[in-house]
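Everything on this sheet refers to the single structure shown next.
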Amino acid sequence: MPRGRMCAAAVVALASTCFAPAAAPQEAIHTDSAAAVPSVGHVSLRQTLTFMSFDELPGFDFPDAPGVDEWRAVTTVEYGLRNDVALSLYVPIVYRDAESFVDDEFGLDDITLAAKWRVYRNDFGPIDTSRLSLVAAIELPTGTGDFSTDSVNPSLGAVYSLVYGRHGFNAEARWKFTTGGEDQPLLAGEGKADALFYNASYLYRLRPAQFGAASSGGAVYGVVELNGALETNRDHQLLLSPGLLYEARTYAVEASVQIPVLQNLDDRPEMDFSLTLGVRFLF
Amino acid sequence: MSNTPLRNPRAASLAVTFSTILALLSGCATNGSTQTPSAEPSASTSAQSSPGTGDGTVTLVVHGMGCPLCANNVDKQLLKIAGVRRVDVNLGSGSVKVQYAGAAPTKAQLAKAVADSGYTLVKVEGI
Numbered sequence: 010m011p012r013g014r015m016c017a018a019a020v021v022a023l024a025s026t027c028f029a030p031a032a033a034p035q036e037a038i039h040t041d042s043a044a045a046v047p048s049v050g051h052v053s054l055r056q057t058l059t060f061m062s063f064d065e066l067p068g069f070d071f072p073d074a075p076g077v078d079e080w081r082a083v084t085t086v087e088y089g090l091r092n093d094v095a096l097s098l099y100v101p102i103v104y105r106d107a108e109s110f111v112d113d114e115f116g117l118d119d120i121t122l123a124a125k126w127r128v129y130r131n132d133f134g135p136i137d138t139s140r141l142s143l144v145a146a147i148e149l150p151t152g153t154g155d156f157s158t159d160s161v162n163p164s165l166g167a168v169y170s171l172v173y174g175r176h177g178f179n180a181e182a183r184w185k186f187t188t189g190g191e192d193q194p195l196l197a198g199e200g201k202a203d204a205l206f207y208n209a210s211y212l213y214r215l216r217p218a219q220f221g222a223a224s225s226g227g228a229v230y231g232v233v234e235l236n237g238a239l240e241t242n243r244d245h246q247l248l249l250s251p252g253l254l255y256e257a258r259t260y261a262v263e264a265s266v267q268i269p270v271l272q273n274l275d276d277r278p279e280m281d282f283s284l285t286l287g288v289r290f291l292f
Numbered sequence: 139m140s141n142t143p144l145r146n147p148r149a150a151s152l153a154v155t156f157s158t159i160l161a162l163l164s165g166c167a168t169n170g171s172t173q174t175p176s177a178e179p180s181a182s183t184s185a186q187s188s189p190g191t192g193d194g195t196v197t198l199v200v201h202g203m204g205c206p207l208c209a210n211n212v213d214k215q216l217l218k219i220a221g222v223r224r225v226d227v228n229l230g231s232g233s234v235k236v237q238y239a240g241a242a243p244t245k246a247q248l249a250k251a252v253a254d255s256g257y258t259l260v261k262v263e264g265i
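Heads up: the sequence lines are chains B and P, in that order. Counting from 10, one number per residue, gives the positions in the first sequence under my numbering. Counting from 139, one number per residue, gives the positions in the second sequence under my numbering.
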């Protein structure tokens, strides 16, 4: 990798690791969690760094087309407005590393503002809870260069979370209404088609087997997720995402890999795989 | 287009690099999880009031704290109450011990703190 590309990648990685992250109860890595509303007046910060590899550059649909890798550092700040309402800000920084004569790109992707309203909560045991939240978000044309869709794109969705003993389950569905979009998108929802994002995750607490006073400090979870995107142009992608999550009292560390299990894509390149590292902090 | 993950050598090389980072991170996580409770950063340690110096203890039973971060939410809200010096959470039982100095916090204050943290107060003992 040429020096310039390495420097840009290092900047993204550094940005990712310096601005430490957010906090959320048994929250999966790629799936939102209804239980993850910070308490009143508190802030959670989450930083993820994702590496994605694609089989071809957008718009280069021919045999032996050059591939492209993308590093995406997303900073998420969430603030607890009420005990059932949280506001969020998502700021993605992207470095796109093309294999060919096409110039690499580095810049800010569109920022998203979101609000989560927990409409249902049933705490039926010391750690057992069932929660449902509604989520509304708006993507603003704040990105630089080709990263921006140059359009305002709202989305609406709902997320359900269940924690029962050592088991955790999250399910999320979100519809993105696109008012513009890129002609040659790389990711779902970045093109001109509307998109349904559907995610489900299962978490199993590997240790401790039983929480107690001495073990309330931290927990390790195994995570498996299904992350789907179905667009109105009939593109459909489903990713399987196994991972690990460690939660302490004030921070969490997460790692996940995404492997495609279904890719029927005509309007954007297929993904080879992706890797994500993340950290969350609760302030 | 190909459906085969990791089909090119460059991607495989990057995956190896990334897996090294993951291994390092995994080491951090392991270290963190094996810390003793007293070494774990928490609201109770940040309060730093020696046990026994408080004028009393109230025990709450709280439901819905599904993870260690949830317990921290409760810590933070209870420590906002005037006089509260230390909070100890037992996730397994939902027991939350609140040590205070001076006047005991009222049930209303405790209930509001737990409500603001987003969980359910089941019982208050010691007031």
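Yeah, the Cβ is synthetic: ideal placement off N, Cα and C, and Gly gets one too.
**Request:** Could you name the residues of the same chain whose beta carbon sits closer than 6 Å to that of G152/B, not counting the 5 residues immediately before and after it, in chain order?
**Result:** L117, D118 and D119
**Message:** Out of S42/B, Q246/B and R130/B, which one is the CA nearest neighbour of D275/B?
**Reply:** Q246/B
**Prompt:** When the Cα of P217/B is compared with those of Y255/B, D244/B and F206/B, which residue comes out closest?
**Reply:** Y255/B
**Item:** Residues bridged to G89/B [DSSP beta-bridge criterion]
**Value:** A95/B
**Message:** Going by the DSSP bridge assignment, what does Q247/P pair with across the sheet?
**Reply:** According to DSSP, Q247/P bridges with nothing at all.
**Message:** Quick check on L229/P: buried or exposed, where buried means 16 or more other Cβ atoms within 10 Å of its Cβ?
**Reply:** buried
**Asked** How many Å lie between N236/B and I268/B at the Cα?
**Response** 10 Å
**Message:** Taking the beta carbon of Y238/P as the centre, do at least 16 other beta carbons fall within 10 Å, making it buried, or is it exposed?
**Reply:** buried
**DSSP beta-bridge partners of G152/B** = G152/B pairs with nothing; no bridge assigned.
**Request:** Would you list the residues sitting across from S231/P in a DSSP beta bridge?
**Result:** The partner list for S231/P (beta bridge, DSSP) is empty, contrary to what the question assumes.
**Item:** Identity of the residues DSSP links to V200/P by a beta bridge
**Value:** L259/P
**Asked** Hey, how far is the Cα of A264/B from the Cα of D78/B?
**Response** 19 Å
**Prompt:** Any idea if S42/B is buried or exposed, counting beta-carbon neighbours within 10 angstroms, 16 or more meaning buried?
**Reply:** buried
**Item:** Contacting residues, own chain, Cβ-Cβ under 6 Å from N273/B (five flanking each side not counted)
**Value:** H245
**Message:** Rounded to whole angstroms, what is the Cα-Cα separation between Y260/B and V212/P?
**Reply:** 15 Å
**Prompt:** What residue does the alpha helix (DSSP H) around A197/B start on, and which one ends it?
**Reply:** Taken as a continuous stretch (DSSP letters only), A197/B belongs to no alpha helix (DSSP H), as it is neither H nor E.
**Cutoff 8 Å: F133/B Cβ touching any chain P Cβ** = yes
**Prompt:** Excluding the five sequence neighbours on either side, which residues of its own chain have a C-beta within less than 7 Å of the C-beta of K250/P, listed in chain order?
**Reply:** none
**Asked** Beta-carbon of N92/B versus every beta-carbon of chain P: anything under 8 Å?
**Response** yes
**Request:** State yes or no: is the beta carbon of T258/P nearer than 8 Å to at least one beta carbon in chain B?
**Result:** yes
**Request:** State the DSSP-derived secondary structure class of V225/P, mapped to helix, strand or coil.
**Result:** strand
**Request:** Tell me, please, whether the stretch 176–188 of chain B touches the stretch 161–168 of chain B by the rule of three or more beta-carbon pairs shorter than 8 Å.
**Result:** yes
**Asked** On the premise that T40/B lies in contact with N208/B, defined as a C-beta separation below 8 Å, what is that separation, rounded to the nearest angstrom?
**Response** 4 Å
**Request:** Tell me E108/B's beta-bridge partners as DSSP assigns them.
**Result:** None; E108/B has no bridge partner.
**Message:** When you compare the CB of I136/B with every CB in chain P, is at least one pair closer than 8 Å?
**Reply:** yes
**Request:** Leaving aside the five residues before and after T121/B along the sequence, list all residues of the same chain whose C-beta is less than 6 Å from its C-beta, in chain order.
**Result:** Y99, A146 and E148
**Asked** Which residues in the same chain as S255/P place their Cβ atom closer than 6 Å to its Cβ, once the five residues preceding and following it in sequence are excluded?
**Response** N211, V212 and Q215
**Distance cut-off 7 Å: G204/P Cβ against heavy atoms of the ligand ZN** = The model on display carries no ligand, and the ligand ZN is accordingly not part of it.
**Asked** Nearest CA to the CA of V103/B: which residue from V128/B, L58/B and Y129/B?
**Response** L58/B
**Asked** Quick one: is E293/B near chain P, going by C-beta distance under 8 Å?
**Response** Past the edges of chain B, shown from 10 to 292, lies residue 293/B, and the structure says nothing about it.
**Message:** Classify Y257/P: buried if its beta carbon has 16 or more other beta carbons within 10 angstroms, exposed otherwise.
**Reply:** buried
**Request:** Determine the contact status of L205/B and P278/B, defining contact as a CB-CB distance below 8 Å.
**Result:** no
**Message:** Quick check on H51/B - is its C-beta less than 8 Å from some C-beta in chain P?
**Reply:** yes
**Request:** Kindly list, in the order they appear in chain B, the residues whose Cβ is closer than 8 Å to that of G232/P.
**Result:** G134, P135 and I136
**Request:** Could you please tell me which residues of the stretch 196–223 of chain P, in chain order, have their CB closer than 7 Å to any CB of chain B?
**Result:** H201, G202, M203, G204, C205, P206, L207, C208, A209, N210, N211, K214 and Q215
**Prompt:** Per DSSP, F206/B is paired with what?
**Reply:** R183/B and A238/B
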